[in-house]
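Chemist:
Protein chains: 4
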Amino acid sequence: MTQEQQYRDCIDACLACMDACNYCYVSSLKEYDLAMLRDCIRLNRECADICVFAADALSRNTMFAAEICELCAKACEACAEECEKHEHEHCKACAKACRLCAEACRSMAA
Amino acid sequence: MTQEQQYRDCIDACLACMDACNYCYVSSLKEYDLAMLRDCIRLNRECADICVFAADALSRNTMFAAEICELCAKACEACAEECEKHEHEHCKACAKACRLCAEACRSMAA
Amino acid sequence: MTQEQQYRDCIDACLACMDACNYCYVSSLKEYDLAMLRDCIRLNRECADICVFAADALSRNTMFAAEICELCAKACEACAEECEKHEHEHCKACAKACRLCAEACRSMAA
Amino acid sequence: MTQEQQYRDCIDACLACMDACNYCYVSSLKEYDLAMLRDCIRLNRECADICVFAADALSRNTMFAAEICELCAKACEACAEECEKHEHEHCKACAKACRLCAEACRSMAA
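Residue numbers (our numbering), protein chains in the order written: chain A, -6 to 103; chain B, -6 to 103; chain C, -6 to 103; chain D, -6 to 103.
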């Protein structure tokens, strides 16, 4: 895999994760069992913000790719761990996107 | 007032508003009456994001100052309107910061 | 076209434009005729920032979609106009992505 | 120093650094010796973006404070190192703000 392809894959994973996190955030705020989802809501937005920051930075070839991807991997892992506690479809889909993004970011950071 | 002072005042108002919105967001997510605060939570974060974007853009003398301040004023007004419905101290403080920021942004946009 | 599809198309256009602007930004900073590209460099980054902000906000179904898309359309048009003055391939590609994004944003804002 | 005061000091240092970086960015793009400032321009914006992201995240009490401050410290040190090579007043002021911000972020990350 070329370096350019690795960047491209990581950007795509970050954007897919941003999307899943934002969808989970909006959906969680509409759920009946809202009180159980406090941490989920916060982590969704925290993770979405970091993912979109990472995608933008990688697409301009930032000098801090390793550090940003390291941070992004941690946020994705924390968000996945929280989402995996819940049965909502949006949580499951979010956890999955977070795991894929964490993996892509770990490869980049290495 | 010089143009530079106007920029500076607007940046300060945006940053104070970001702070109040973020504090209201975190505090709302801890409240017992969480279900009543769904819109408040969303608007807090939406408004904080727009305020911090505006402050950053103004501090680099963006060519889109008028449009960004127009957007920021609208977000601040919507967030203030929502926060004014609630009795929590963090909501009242947030509404106040939003009103001040909206005013500063309206002056900039004019 | 469903509303969801319209959002999706606009997000995709914003992300494609962010990418083209960031590429043009990085490439312009390496060019020999750097002095001619001062405005191009500034507009590239301004436009990329607004595009990524718009994509993120749209993906969380922001209440300020119309205002954000209006702002994004203006930034894209300004960046396209500047890039169209230059002969570099990255400028031409950027101008094209900006025009497509401006169109998608104008539809959303309407 | 209370934890809250430490957060507040770090947010203030990040915002002062964002401001100095953005000012250096805009000023560098107007300089006659533009070609010497390519790296400075890129690092200014990279650093400003990370500082504003850090300030926003800290003000909402992010769970990733240590990681974000670690990243911010690295960006500030890189930007300071570059700015210290140049004689422009805006570069010197930027380097100073970067060094102060790096220090505040290192304390937070510890």
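Where a beta carbon is used, it is the ideal one built from N, C-alpha and C, also for glycine.
Roughly how many angstroms lie between the CA atoms of A/H81 and A/L36, to the nearest whole one?
Modeler: If you take the alpha carbons of A/H81 and A/L36, they lie about 16 angstroms apart.
Chemist: Can you list, in chain order, the residues of its chain with a C-beta nearer than 8 angstroms to that of A/T55? Leave out the 5 residues immediately preceding and following it.
Modeler: So the qualifying residues of the chain are I61.
Chemist: Would you say C/A28 faces chain D, with C-beta separation under 9 angstroms as the test?
Modeler: Yes - at least one Cβ of chain D is within 9 angstroms of the one on C/A28.
Chemist: Thinking just about the alpha-carbon of each residue, which of C/Q(-2), C/M29, C/D2 and C/A6 is nearest to the one in C/C91?
Modeler: For the residues C/Q(-2), C/M29, C/D2 and C/A6, the minimum Cα distance to C/C91 belongs to C/A6.
Chemist: Taking only three categories from DSSP, how would you classify A/A68?
Modeler: Helix, per DSSP.
Chemist: Distance cutoff 9 angstroms, beta carbons only. Does C/C22 sit that close to anything in chain D?
Modeler: In the sequence as presented, Cys is not what sits at residue 22 of chain C; that position holds Leu. Chain D contact via Cβ: present.
Chemist: Where does A/Y25 fall in DSSP's three states?
Modeler: Correct three-state label for A/Y25: coil.
Chemist: Nearest to B/L8 by alpha carbon, out of D/E39, D/A48, D/D42 and D/S21?
Modeler: Here the closest residue by C-alpha is D/A48.
Chemist: Quick one, which of A/H83, A/C87 and A/L51 has its alpha-carbon nearest A/A68's?
Modeler: Considering only alpha carbons, the answer is A/C87.
Chemist: Could you name the residues of the same chain whose beta carbon sits closer than 8 angstroms to that of A/C44, not counting the 5 residues immediately before and after it, in chain order?
Modeler: Contacts found: C7, L8, C10, M11, C14, C65, A68, C69 and C94.
Chemist: In the region 29 to 42 of chain B, which residues sit with their C-beta less than 7 angstroms from some C-beta in chain A, listed in chain order?
Modeler: Against chain A - using a Cβ distance shorter than 7 angstroms - the residues of the region 29 to 42 of chain B are R31, I34, R35 and R38.
Chemist: Please classify B/E75 as buried or exposed, where buried requires at least 16 neighbouring CB atoms within 10 angstroms.
Modeler: By the neighbour-count rule (16 or more Cβ atoms within 10 Å), B/E75 is buried.
Chemist: How many angstroms separate the CA atom of B/D105 from the CA atom of D/R38?
Modeler: Look at the range of chain B in this structure, -6 to 103, and you will see that residue 105 of chain B is not part of it.
Chemist: Give me, in chain order, the residues of the same chain whose beta-carbon lies closer than 6 angstroms to that of C/C72; leave out the 5 immediate sequence neighbours on both sides.
Modeler: Excluding sequence neighbours, C/C72 sits near L36, C40 and C91.
Chemist: Whole angstroms are fine: how far does the CA of A/Q(-1) sit from the CA of C/F57?
Modeler: The alpha-carbon atoms of C/F57 and A/Q(-1) are separated by roughly 34 angstroms.
Chemist: For B/T(-5), which residues in chain C fall below 9 angstroms Cβ to Cβ?
Modeler: What B/T(-5) touches in chain C: nothing, since even the nearest Cβ is about 23 angstroms away.
Chemist: Using C-beta distances below 8 angstroms, list every residue in its chain close to D/A50, excluding the 5 sequence neighbours before and after it, in chain order.
Modeler: Cβ neighbours of D/A50 beyond the five flanking positions: F57, A58 and I61.
Chemist: Would you call A/A28 buried or exposed, if buried means 16 or more other Cβ atoms sit within 10 Å of its Cβ?
Modeler: The residue in question, A/A28, is exposed, as its Cβ has fewer than 16 Cβ neighbours within 10 Å.
Chemist: So C/Y18 contacts chain A; which residues on that side make the cut at Cβ distance below 8 angstroms?
Modeler: Within chain A, the residues near C/Y18 are R53.
Chemist: I want to see whether chain A comes within less than 9 angstroms of C/L8, judged by CB atoms only; does it?
Modeler: Yes, C/L8 counts as interfacial toward chain A.
Chemist: For a contact meaning CB atoms closer than 7 angstroms, what does A/A95 contact in chain D?
Modeler: Here the premise fails: no neighbours, minimum Cβ distance about 13 angstroms.
Chemist: Indicate the three-state DSSP secondary structure (helix, strand or coil) for B/R31 in the structure shown.
Modeler: B/R31: helix per DSSP, three-state reduction.
Chemist: What do you get for D/Y16, buried or exposed, if any count of 16 or more other CB atoms within 10 angstroms of its CB means buried?
Modeler: Buried is the call here.
Chemist: Helix, strand or coil for B/A143? Go by DSSP, reduced to three states.
Modeler: A query on residue 143 of chain B cannot be resolved here, the shown segment of chain B reaching from -6 to 103 and no further.
Chemist: Compare the C-beta of A/D2 with all C-beta atoms of chain C and state if any pair is closer than 9 angstroms.
Modeler: A/D2 does not count as touching chain C.
Chemist: Run down chain A in chain order and give the residues with a C-beta less than 7 angstroms from the C-beta of D/K67.
Modeler: The answer, in chain order, is F57 and E60.
Chemist: Take B/A97 and list the residues in its own chain whose beta-carbon comes closer than 7 angstroms to its own, dropping the five residues that flank it on each side.
Modeler: Around B/A97: D2, C3 and A6.
Chemist: Rounded to the nearest angstrom, how far is the Cβ of B/I34 from that of A/L22, given a contact under 8 angstroms?
Modeler: Confirmed, about 6 angstroms.
Chemist: Suppose the cutoff is 7 angstroms on Cβ atoms and the five residues either side in sequence are ignored; what does the same chain contact list for B/E77 look like?
Modeler: Excluding sequence neighbours, B/E77 sits near A88.
Chemist: DSSP state of D/R92, grouped into three classes?
Modeler: Helix at D/R92.
Chemist: Just how far apart, CA to CA, sit B/R99 and B/Q(-4)?
Modeler: Approximately 14 angstroms, taken between the alpha carbons.
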